[in-house]
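If you're matching them up, the sequences are chains A and B in order.
Everything in the first sequence is counted per numbering that gives the first Met the number 0, starting at 0 for the first residue and increasing by one.
Everything in the second sequence is counted per numbering that gives the first Met the number 0, starting at 0 for the first residue and increasing by one.
Following: one structure in structure tokens, then a few remarks.
Number of protein chains: 2
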Amino acid sequence: MEAQSKPSPPAKDLPGEKAERIIEAMRQSVARRGVAGSTFDHVAREAGVSRGLLHYYFGTKERLLVEVVRREADLRFDALDRQLAEATDADAFLRLLQTSVDEMLRTDPTYVTLTFELFTLANRNEEVAEGFRDLMQRTRKHLADSLRAKEQEGVLHLTVDPESVADVLFSVGDGLTMRVLAEPDRDFGPAISAAIRSLRGLLDDA
Amino acid sequence: MEAQSKPSPPAKDLPGEKAERIIEAMRQSVARRGVAGSTFDHVAREAGVSRGLLHYYFGTKERLLVEVVRREADLRFDALDRQLAEATDADAFLRLLQTSVDEMLRTDPTYVTLTFELFTLANRNEEVAEGFRDLMQRTRKHLADSLRAKEQEGVLHLTVDPESVADVLFSVGDGLTMRVLAEPDRDFGPAISAAIRSLRGLLDDA
DNA sequence: TCTGTCTTTCTGGCCAGCCAGCCAGTAATC
DNA sequence: GATTACTGGCTGGCTGGCCAGAAAGACAGA
Chain A
0 MEAQSKPSPP AKDLPGEKAE RIIEAMRQSV ARRGVAGSTF DHVAREAGVS
50 RGLLHYYFGT KERLLVEVVR READLRFDAL DRQLAEATDA DAFLRLLQTS
100 VDEMLRTDPT YVTLTFELFT LANRNEEVAE GFRDLMQRTR KHLADSLRAK
150 EQEGVLHLTV DPESVADVLF SVGDGLTMRV LAEPDRDFGP AISAAIRSLR
200 GLLDDA
Chain B
0 MEAQSKPSPP AKDLPGEKAE RIIEAMRQSV ARRGVAGSTF DHVAREAGVS
50 RGLLHYYFGT KERLLVEVVR READLRFDAL DRQLAEATDA DAFLRLLQTS
100 VDEMLRTDPT YVTLTFELFT LANRNEEVAE GFRDLMQRTR KHLADSLRAK
150 EQEGVLHLTV DPESVADVLF SVGDGLTMRV LAEPDRDFGP AISAAIRSLR
200 GLLDDA
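What follows is the structure, encoded as structure tokens:
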């Protein structure tokens with residue numbers, strides 16, 4: 000995307016730093032308060048701009064949420080790439096996965112909460128649905144590409160196609176994270192171990 | 000707290016058939032319109048009662064939603080028991096799982112949509128959070144008990160504790176269902192096969 | 001450098017619509 | 001006649017979107 004090169008009348012791609020602040024404020028607000036609770040009033044205050052500016056940039060709440068989805072995708076790619084870079088065998092790969100999940104849960108479960116918020120909204124809004132679909136597709140493709148690369152390096156030996164592995168991996172990740180968030184006092188160690196044990200069957204035929 | 004519990008000291012549980020209709024109407028409405036879109040006006044009309052009756056029985060929207068969660072749990076138990084009853088070995092068990100998931104997706108993905116709706120609401124309402132926690136716990140326990148029974152019958156040979164198996168199984172189920180709903184045109188056959196293949200590692204050490 | 005004009009960015013008051021909850025009152029039941 | 005079951009009009013509060021206009025730049029000419 001082009002930065003704030005010029006103010007284009009038709010499509011205001013990225014008006015600049017204030018738009019960024021708004022999107023990020025909305026993202027955090029949705030994770031904390033939900034879509035319904037994220038009023039323009041709240042978000043504007045947290046972004047340090049006026050309410051009107053949200054309409055000036057994005058028009059409607061839905062379009063702002065689509066931008067939130069887009070940003071979310073970018074953030075996930077960064078996180079994914081950072082995590083997978085250093086794996087040198089299937090065990091290391093799965094260990095990295097586990098620690099990154101642990102860390103995510105301890106520090107900021109925004110991702111998963113936001114995923115579910117956006118999914119529920121997507122059921123009722125085609126614009127958001129399209130964005131969400133794109134988020135799922137791109138995330139899957141991204142991980143699948145990484146898996147393919149790891150396979151060529153000899154780190155992994157996939158027993159099924161990489162896209163399917165990505166689907167299963169993200170699915171069990173989302174589902175478990177939801178459960179951990181729902182029952183924070185329960186020890187999910189055994190469940191996470193079981194998940195990893197079952198995933199190994201897809202990553203390594205050794 | 001006990002505003003509407005006057006009529007029957009022994010049990011405020013079931014005011015009757017109208018309350019049932021309200022709960023079921025709310026359940027379906029939440030799955031279709033989301034929590035925010037499920038106004039008392041809509042739900043009352045669909046249940047064939049007046050708006051005021053919803054307040055008369057449940058007081059607040061949250062308390063009505065807690066009843067929805069409770070009902071959801073009951074429905075799930077029925078479905079689970081029906082599905083697992085006839086499995087005679089691990090393969091049959093997993094095949095049953097696959098067909099029941101397929102059928103659920105084709106006919107009525109209410110379950111999963113509702114799960115996510117309630118989860119997002121639970122983030123903001125302690126009453127609902129408690130109900131949701133209970134839903135997760137009871138569902139897990141229920142499947143774990145079935146798994147234990149199947150193990151004693153010699154149908155399955157679990158490689159980890161049944162509760163963890165249940166967690167992983169439901170997690171991957173929820174996550175995949177969400178993805179299927181988000182991308183209805185994509186063929187998830189390979190992904191579902193991959194999921195089942197990975198789950199086999201937990202169900203059968205043969 | 002100053003000044004005036006035009007454009008873009010940004011503000012916040014306003015409004016119409018919606019909703020949960022309240023409550024006064026009516027119907028049903030005993 | 002009294003208690004319980006039920007109704008629906010009302011309201012206060014909130015929200016997204018609109019818009020008139022204020023600030024902030026941009027630019028030209030003197």
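Glycine included, C-beta positions come from ideal geometry on N, C-alpha and C.
Reduced DSSP secondary structure (H/G/I, E/B, other) of residue i
{"i": "A/Asp166", "result": "helix"}
{"i": "B/Leu175", "result": "helix"}
{"i": "A/Leu83", "result": "helix"}
{"i": "A/Val67", "result": "helix"}
{"i": "B/Asp73", "result": "helix"}
{"i": "A/Pro161", "result": "helix"}
{"i": "A/Leu189", "result": "Checking the sequence shown, residue 189 of chain A turns out to be Pro, not Leu. Three-state result, A/Pro189: helix."}
{"i": "A/His156", "result": "coil"}
{"i": "B/Asp203", "result": "coil"}
{"i": "A/Ala194", "result": "helix"}
{"i": "B/Asp90", "result": "helix"}
{"i": "A/Glu150", "result": "helix"}
{"i": "A/Glu182", "result": "coil"}
Rounded distance between the beta-carbons of residue j and residue i, thought under 8 Å
{"i": "A/Ala181", "j": "B/Ser163", "result": "Actually they do not touch by this definition, with Cβ atoms about 16 Å apart."}
{"i": "A/Gly47", "j": "A/Arg20", "result": "7 Å"}
{"i": "B/His41", "j": "B/Leu79", "result": "B/His41 to B/Leu79, Cβ: 30 Å. No contact."}
{"i": "B/Asp166", "j": "A/Leu95", "result": "At roughly 21 Å, the Cβ-Cβ gap does not stay under 8 Å, so B/Asp166 and A/Leu95 are not in contact."}
{"i": "A/Ala89", "j": "A/Arg199", "result": "7 Å"}
{"i": "B/Val111", "j": "B/Asp173", "result": "6 Å"}
{"i": "B/Ser197", "j": "A/Ser197", "result": "4 Å"}
Cβ-based neighbour list, residue i, same chain, cut-off 8 Å, excluding 5 preceding and 5 following
{"i": "A/Phe92", "result": "Leu83, Ala86, Lys149, Val154, Leu155 and Leu202"}
{"i": "B/Ala72", "result": "Asp133, Leu134, Arg137 and Thr138"}
{"i": "B/Arg26", "result": "Val67, Arg70, Glu71, Thr109 and Leu113"}
{"i": "B/Gly33", "result": "Glu116"}
{"i": "A/Asp144", "result": "Pro161"}
{"i": "A/Gly36", "result": "Ser28"}
{"i": "B/Asn122", "result": "Ala128"}
Min CB distance residue i to chain B below 8 Å
{"i": "A/Pro189", "result": "yes"}
{"i": "A/Leu104", "result": "no"}
{"i": "A/Arg81", "result": "no"}
{"i": "A/Gln136", "result": "yes"}
{"i": "A/Ser170", "result": "yes"}
{"i": "A/Thr109", "result": "no"}
{"i": "A/Phe118", "result": "yes"}
{"i": "A/Arg147", "result": "no"}
{"i": "A/Phe115", "result": "yes"}
{"i": "A/Leu93", "result": "no"}
{"i": "A/Leu96", "result": "no"}
Own chain partners of residue i with C-beta closer than 7 Å, once the 5 adjacent residues on each side are dropped
{"i": "B/Leu157", "result": "Leu146, Glu150, Val164, Leu201 and Leu202"}
{"i": "B/Ser170", "result": "none"}
{"i": "A/Val65", "result": "Glu126, Val127 and Gly130"}
{"i": "A/Leu104", "result": "Thr176 and Val179"}
{"i": "B/Leu53", "result": "Ile21, Phe39, Val42, Ala43 and Leu63"}
{"i": "A/Ser192", "result": "none"}
{"i": "B/Gln97", "result": "Ile191 and Ile195"}
C-beta neighbour in chain A for residue i, strict 8 Å
{"i": "B/Leu69", "result": "Residue 69 of chain B is actually Arg in this sequence, not Leu. Not an interface residue."}
{"i": "B/Leu198", "result": "yes"}
{"i": "B/Gly174", "result": "yes"}
{"i": "B/Asn124", "result": "no"}
{"i": "B/Met25", "result": "no"}
{"i": "B/Ala35", "result": "yes"}
{"i": "B/Glu182", "result": "yes"}
{"i": "B/Ser243", "result": "This structure does not reach residue 243 of chain B, given that chain B is present from 0 up to 205, and the question cannot be answered."}
{"i": "B/Asp77", "result": "no"}
{"i": "B/Asp166", "result": "yes"}
{"i": "B/Phe57", "result": "no"}
{"i": "B/Asp160", "result": "yes"}
{"i": "B/Arg178", "result": "yes"}
{"i": "B/Arg32", "result": "yes"}
{"i": "B/Ala18", "result": "no"}
{"i": "B/Leu64", "result": "no"}
{"i": "B/Arg132", "result": "yes"}
Spatial neighbours of residue i in its chain, beta-carbon cut-off 6 Å, leaving aside the 5 residues before and after
{"i": "B/Phe120", "result": "It should be pointed out that residue 120 of chain B corresponds to Leu in this sequence rather than to Phe. If we look at B/Leu120 and ignore the five residues flanking it on each side, its Cβ neighbours are Val34 and Val127."}
{"i": "B/Asp12", "result": "Legend: pLDDT at B/Asp12 = 46, less than 50; position of this residue unreliable, value from coordinates given subsequently. Same-chain partners within the cutoff: there are none."}
{"i": "B/Phe57", "result": "Leu63"}
{"i": "B/Asn124", "result": "Glu61"}
{"i": "A/Glu45", "result": "Ala24"}
Which whole runs of the alpha helix (DSSP H) in the region 93 to 135 of chain B are 4 residues long or more, in chain order? 109 to 121
Contiguous alpha helix (DSSP H) assignments of at least 4 residues, all confined to the region 9 to 59 of chain B: Counting only runs that start and end inside the region 9 to 59 of chain B, the alpha helix (DSSP H) elements of at least 4 residues fall at 16 to 36, 39 to 46 and 50 to 57.
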